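Heads up: the structure comes next, in structure tokens.
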Amino acid sequence: MTGLPPIRVLVVEDDPVAADAHALYVERVPGFAVAGTVHSGAGAQRHLEREPVDLLLLDLYLPDGHGLQLVRLLRAAEHTADVIAVTSARDLAVVREGVSLGVVQYVLKPFTFATLRDRLVRYADFRASAGEASGQDEVDRALAALRAPQPASLPKGLSGPTLEAVTRVLRSSGAQGVTASAAGEAVGISRITARRYLEHLVDAARAERSPQYGQVGRPELCYRWLSHP
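Just so you know, we're using this note's numbering here: the sequence shown kicks off at 985 and counts up by one.
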């Protein structure tokens, strides 16, 4: 990316904590710059009228409508920014619809910096492809850079399936939250292991922790999901 202007990214995320975290992630990737952070579809439209961007990091669940509806409106207004969708939804019908509207990547919540960095770097490689392809192989390589990301690595000792299971327990706990002991019992892992996963979610700005005081002994940490269900 040396010598090229940075890829301008608009973060569209209704959760202010998550929006700030996503913006920090983007700024950490060389060749990318945050053009702004907005918390609604209307905010994204207003920003794009003032300042076009190259890429939207778009949450699909916004307070004023679905993210894909925003993409439809932007395309109708001839905005050509690419879109990386950020979502907790796993409905493949939504994924297919997004592809038809020009969504180039999906990132499932909760995600780590490494996950987003991988998607952004691959998007930059795809964007840098220019000129006429010499043949099918070159076309395939360009698409592979975008469509076939390698699995992002979790911190050592953590696994994706267990992270998903802990995340489900945490999200289902609602405003009450959950302790590491309760999460571990629900998932079938030890309290110490559950706490590692919960702390990872805190580090990823998907959860918060606060002390929960009982009748005796030291207070236990209680974890709460930070985003919408």
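Glycine residues also receive a C-beta, built at the ideal position from the N, C-alpha and C atoms.
As the structure is a computational prediction, the values presented were derived from the model and not from experiment.
Rounded to the nearest whole angstrom, the CA to CA distance from residue 1021 to residue 1096 is 19 Å. Taking C-alpha positions only, residue 997 is separated from residue 1041 by approximately 8 Å. The three-state reading of DSSP puts residue 1050 in strand, counting E and B together. In the displayed model, residue 1207 falls within a strand according to three-state DSSP.
Nearest C-alpha to residue 1026 among 1055, 1000, 1002, 1140: 1055. Nearest neighbour of residue 1148 by Cα position, chosen from 1102, 994, 1178, turns out to be 1178. Three or more beta-carbon pairs separated by less than 8 Å are not found between the region 1059 to 1072 and the region 1011 to 1020, which leaves the two stretches without contact.
In the displayed model, residue 1062 falls within coil according to three-state DSSP, outside both helix and strand. In the structure shown, residue 1197 falls within a coil segment according to DSSP collapsed to helix, strand and coil. Residue 988 is classed as exposed because its beta carbon has fewer than 16 other beta carbons within 10 Å across all chains shown.
For residue 992, the enclosing beta strand (DSSP E) has its first and last residue at 991 to 996. Note that the C-beta distance between residue 1024 and residue 1000 is not below 8 Å.
Ranked by Cα distance from residue 1102, the options 1013, 1039, 1093 are led by 1013.
Taking the C-beta atoms as reference points, residue 1207 is found nearer than 8 Å to residue 1161.
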